[in-house]
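Trainee: Sharing a structure, written as structure tokens. Questions coming.
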Amino acid sequence: MAEATHTFADVILPLALPGYFTYYVPEAYVPEIHPGKRVVVQFGRKRLYTAIVHSVHHQPPKGYAAKFIHEVIREEAPVNHRQLQLWTWISEYYMCYPGEVYTAALPGGLRLSSETRITQPGGVVDEESLSDDEFLVYEALQSEPVLDVNAVQAILGKKEVHPLLRSMLEKGAVILEEELKEKYKPKLADYVQLHPDCTGDEKLSAVFEELSRAPKQEALLLSFIDLNARIKHPAGVPKNDLLKRAGASLASLRPLIEKNVLRIFSAEVDRLPSFTGDTTGDMKLSPQQSGAVQSIQNHFEENRPVLLHGVTGSGKTEVYIRLIRDVLESGKQVLYLLPEIALTTQIIGRLQQHFGDKVAVYHSRLNEHERVEVWQQVRTGKKPLVLGARSSIFLPFDNLGLVVVDEEHETSFKQFDPAPRYHARDVALVLGQMYEANVVLGSATPSLESYRHATSGKYGYVEMVERFGAAVLPDMQVVNLAEAQHRKQLQGSFSTTLVEEIKATLDRGEQVILFQNRRGFSPFIECNLCGWVPQCTRCDVSLTYHKKAHHLRCHYCGYSIEMPSRCASCQSRELQTIGLGTERVEEEIALLFPDARTKRMDLDSTRAKHGHRNIIHAFEKQEIDILVGTQMVTKGLDFDHVGLVGVLNADHMMNVPEFRAFERAYQLMVQVSGRAGRKDKKGKVLIQTRTPEHQVVKDVLAHDYIHMATRELEERKIYGYPPFTRLVRLTLKHRQAEAVHAAAVDLAGRLHEPFGKRVLGPEPPAISRVRNFYLMNIMIKMEQKLPLKRAKEVIGEIIESFSNEKSYRNVRIVTDVDPV
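The numbering of the sequence shown is our numbering, which starts it at 227 and goes up by one.
Set out below in structure tokens:
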């Protein structure tokens, strides 16, 4: 007789642990278990309700006896097979744990939790054996047959009650049951409907005759009939809308309910507002845009992703909209990726004008319930067009036809902490392969990686070299700060030239954007006598002065102190602010132009949920004259009335010890310059710098991306940097500097054996201590021809062996593949 074949399931747990965990599937559950299903499993002492099945097979685990699956959750699987495929790829490529991908991908509201139900036992209980606290709980169960843990905590006035409940369970005084709970709770709203007893003209006429002596109730019923005819919602009329329209209170509605004229019931509603306006028809494209659409579609037929390289203001969004329309008409879904939440504010309106209520928005500022609603809308196909930040790559698409990655050069597409440290642009390309969907990357200043792939033929390449309509690129002018200082032509941070241009722009009724890529008032303060600079106690970095809050803050860990009145070293009162931040720019501009309406747009001013949206809307409506901002203001925003853009200090961007510094500086300056001038108005850009002859500045002034890219690519090829190599950065962390240094030297030595000169370091990063952890970096540089998957496996094996040694167990290692 053949041996019975047992079924096993590998499951993913939302824990930072390596690999998958194999469980035995009881025979009763075999017909309903499949990848993506949620199951309940025992893990150590804990019962977990959040396990997701990765695969089902007949191979028992090696080295341990498999525990059995307690329960298969009988509902539609929250994750489909392509999502699991993507999770696996991310876990392997970015060298992280499957559980870390799970945690990043699935909204918390979709994870099940459990609630302990405490009930009475059926038999006789020995009351004498119960302690005083146990007897109080036992007594409460006589009047309340079911209690939860919160109720027991309230009865006893204690937080920790689990030991007591376990003791009562052992004595047979209670029964403990686990009840599964969905964290997600649908939002309910009250709707008003006509009562079935009043349907029909005759019955309704009789009701109005009866209400003739109650004018408020009669007016309320008339308002209901009018709203119901206009809204035509299957649930009826929203109660709050009815009361507002009628100018009535609940007291006026209640008698109509009691008389069975109207009835109220609750119905599920979306938390996110739906689009209710009119949509526009097909738009007329310019010859350049039509040509770009045709070229992109030609490349799609060759199954290649496409890089759309269009200057700022060339009308790339209209090209995307035409491509999106074609895909939606074919019945497929579209993902439109943006690097910043701020950008969704403008783009959502434009997409809704064309596609109405088909558009969903997904980003980190949504709360957990809102994220679950979007997740379900995508899964069911209710919202076939998703506009989102990087986390939207994890949504449960079923029939994806197109992925648009706008502003593809932006580093905001890269996740830094916690793992998985993925790049949404690169994941989008893999997503396209998995769904056989087309992918278009768009930018006025493409990343050198994408540009290299396009010019080598790996991607299709489409250019848009002219601005849309009659618009032209802005006039560019450089101001030599060193010369202005020598001639005493500086007013704070502003050259006389920039001040005069701001005045002229405001006099014309146009708006100004000022770019300074540092937030706060000043990067640091310094004692005039002894040179003392306040430092963070937990990081090797000076504290940034924030004048509005009157405190010094660390931008790495959040540590803050009151602004000192004396030097901590020599007790001098002569403390001065050094350097320039957005707060200081805002203050200086207010002194120079007291009548101008000025607003700051940086991380500090946009922390509120709708902070980005409120500032952008105010600027669009010309309620702000001068917008001061960090790189947030460079990212593809489109304003009609900006006459001038000022870059306050270009040198800060170029003088960064990083191989991408010149590429980034060029991108930031060109992108912010692109905000100047639209339609038939020619804008102006002023760049303040102490190095006006710098090659990057010259390339920006000439709008010459090709020259910048060619020069940078030549240098990177010589020195072996991306896109000609792949980088893996290992960051070691420990609370003791000596320990992390010794560990880094040892680990680098072990990596040298298989990788040789490809291993760079160890060396401390520019900020070598963060949150009281000392840091050391090791960089592994690998040629494109090297078998990358095997190389990563070797790195992973070395790290695992290293971390398992007793002397290094307290050393934390962070792996970052393709760091930016």
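C-beta atoms are modelled at their ideal positions from N, C-alpha and C, and glycine is treated no differently.
I need the straight-line Cα distance from residue 532 to residue 690, nearest angstrom please.
Mentor: Answer to the nearest angstrom: the Cα atoms are 13 Å apart.
Trainee: How would you call residue 317, buried or exposed, if buried means at least 16 neighbouring beta carbons within 10 angstroms?
Mentor: It is buried - the Cβ of residue 317 has at least 16 other Cβ atoms within 10 Å.
Trainee: Are the CB atoms of residue 715 and residue 848 nearer to each other than 8 Å?
Mentor: Cβ atoms of residue 715 and residue 848: not closer than 8 Å.
Trainee: Nearest to residue 337 by alpha carbon, out of 310, 595, 776 and 232?
Mentor: Answer by Cα proximity: 595.
Trainee: Using the beta-carbon count (16 or more within 10 Å), is residue 509 buried or exposed?
Mentor: Looking at its Cβ environment, which holds fewer than 16 other Cβ atoms inside 10 Å, residue 509 is exposed.
Trainee: Considering only the alpha carbon of each residue, which of 717, 850 and 323 lies closest to residue 646?
Mentor: Considering only alpha carbons, the answer is 323.
Trainee: Measuring CB to CB, does residue 523 end up less than 8 Å from residue 627?
Mentor: In this structure, residue 627 does not lie closer than 8 Å to residue 523 by Cβ.
Trainee: When you compare the CB positions of residue 749 and residue 636, do they come within less than 8 Å of one another, or not?
Mentor: No; because the gap between Cβ atoms is not below 8 Å, this pair is not in contact.
Trainee: Spell out a yes or no on whether the segment 950–967 and the segment 1022–1042 are touching, meaning 3 or more CB-CB pairs, one atom from each, closer than 8 Å.
Mentor: In short, these stretches touch, since the Cβ pair count reaches three.
Trainee: For residue 705 versus residue 923, is the C-beta spacing smaller than 8 Å?
Mentor: In this structure, residue 923 does not lie closer than 8 Å to residue 705 by Cβ.
Trainee: Are residue 670 and residue 538 touching if we call contact CB-CB under 8 Å?
Mentor: Going by C-beta atoms, residue 670 is nearer than 8 Å to residue 538.
Trainee: At the level of alpha carbons, what is the spacing between residue 335 and residue 590?
Mentor: About 13 Å.
Trainee: Locate the alpha helix (DSSP H) running through residue 973, then write down its first and last residues.
Mentor: Residues 963–981.
Trainee: If residue 1050 and residue 854 are in contact, beta carbons under 8 Å, what's the gap, nearest whole angstrom?
Mentor: The shown model of the chain, from 227 to 1046, leaves out residue 1050, and the question about it has no answer.
Trainee: Per DSSP, residue 416 is paired with what?
Mentor: Answer is 492, bridged to residue 416.
Trainee: Of all the CB atoms in chain B, is at least one closer than 8 Å to the CB of residue 927?
Mentor: Absent here is chain B; the protein component of the structure consists of one chain.
Trainee: Measure from the alpha carbon of residue 371 to the alpha carbon of each residue in 357, 751, 685 and 403, then state which is nearest.
Mentor: Among 357, 751, 685 and 403, the Cα nearest to that of residue 371 belongs to 403.
Trainee: Just checking, does the segment 1001–1015 make contact with the segment 939–954 on the three C-beta pairs under 8 Å criterion?
Mentor: The segment 1001–1015 is in contact with the segment 939–954.
Trainee: With burial defined as no fewer than 16 other Cβ atoms inside 10 Å of the residue's Cβ, what is the status of residue 792: buried or exposed?
Mentor: It is exposed - the Cβ of residue 792 has fewer than 16 other Cβ atoms within 10 Å.
Trainee: Run through DSSP, which three-state label would residue 838 get?
Mentor: Residue 838 falls in the helix class under three-state DSSP.
Trainee: Measuring CA to CA, which of 1028, 287, 417 and 436 is closest to residue 450?
Mentor: Minimum Cα distance to residue 450 is reached at 417.
Trainee: So residue 545 is in the alpha helix (DSSP H); what residue range does that whole segment cover?
Mentor: Taken as a continuous stretch (DSSP letters only), the alpha helix (DSSP H) holding residue 545 covers 542–555.
Trainee: For the pair the segment 1017–1029 and the segment 963–976, tell me if three or more CB-CB distances fall below 8 Å.
Mentor: At 8 Å Cβ cutoff, the stretches touch.
Trainee: Return the CA-CA distance between residue 713 and residue 701, expressed in angstroms with no decimal places.
Mentor: Roughly 25 Å between the two C-alpha positions.
Trainee: Given this structure, state the Cα-to-Cα distance separating residue 543 from residue 771, to the nearest angstrom.
Mentor: The alpha-carbon atoms of residue 543 and residue 771 are separated by roughly 39 Å.
Trainee: Less than 8 Å between the CB atoms is what I'm expecting for residue 629 and residue 650, so what's the real figure, rounded?
Mentor: With 8 Å as the limit, residue 629 and residue 650 do not qualify as a contact, their Cβ atoms being about 10 Å apart.
Trainee: On the DSSP letters alone, give me the boundaries of the beta strand (DSSP E) that residue 437 sits inside.
Mentor: Looking at the DSSP string, residue 437 is not in any beta strand (DSSP E), and its letter there is neither H nor E.
Trainee: Below 8 Å on the Cβ atoms is my contact criterion, and I expect residue 259 with residue 279 to pass it. Report the Cβ-Cβ distance as a whole number of Å.
Mentor: Right, the Cβ-Cβ distance comes to about 6 Å (below 8 Å), so this counts as a contact.
Trainee: Looking at residue 806 and residue 717, is the spacing between their C-beta atoms short of 8 Å?
Mentor: The answer is no: Cβ separation not under 8 Å.
Trainee: Closest to residue 908 by CA distance: which of 1046, 695 and 809 is it?
Mentor: Closest option to residue 908, Cα to Cα, is 695.
Trainee: Would you please state the rounded distance, in angstroms, between the beta carbons of residue 267 and residue 298? I believe it to be under 8 Å.
Mentor: Contact doesn't hold; Cβ gap of about 11 Å is too wide.
Trainee: With a Cβ-Cβ cutoff of 8 Å, do residue 331 and residue 313 count as a contact?
Mentor: It is a contact, given that the beta carbons lie within the stated cut-off.
Trainee: Starting from residue 914, trace the beta strand (DSSP E) both ways and give me its first and last residue.
Mentor: 910–915 is the span of the beta strand (DSSP E), which, as asked, contains residue 914.
Trainee: Does DSSP put residue 229 in a helix, a strand or coil?
Mentor: Only weak support is given to the placement of residue 229: the predicted model assigns it a pLDDT of 48, under 50, and the question is left unresolved by the model.
Trainee: Enumerate in chain order the residues of its own chain whose CB-to-CB distance from residue 353 is below 8 Å, with the five nearest sequence positions on each side excluded.
Mentor: Only 361 and 364 meet the Cβ criterion.
Trainee: Answer yes or no: do residue 535 and residue 687 have a C-beta to C-beta separation smaller than 8 Å?
Mentor: Against a cut-off of 8 Å, the Cβ pair of residue 687 and residue 535 comes out as a contact.
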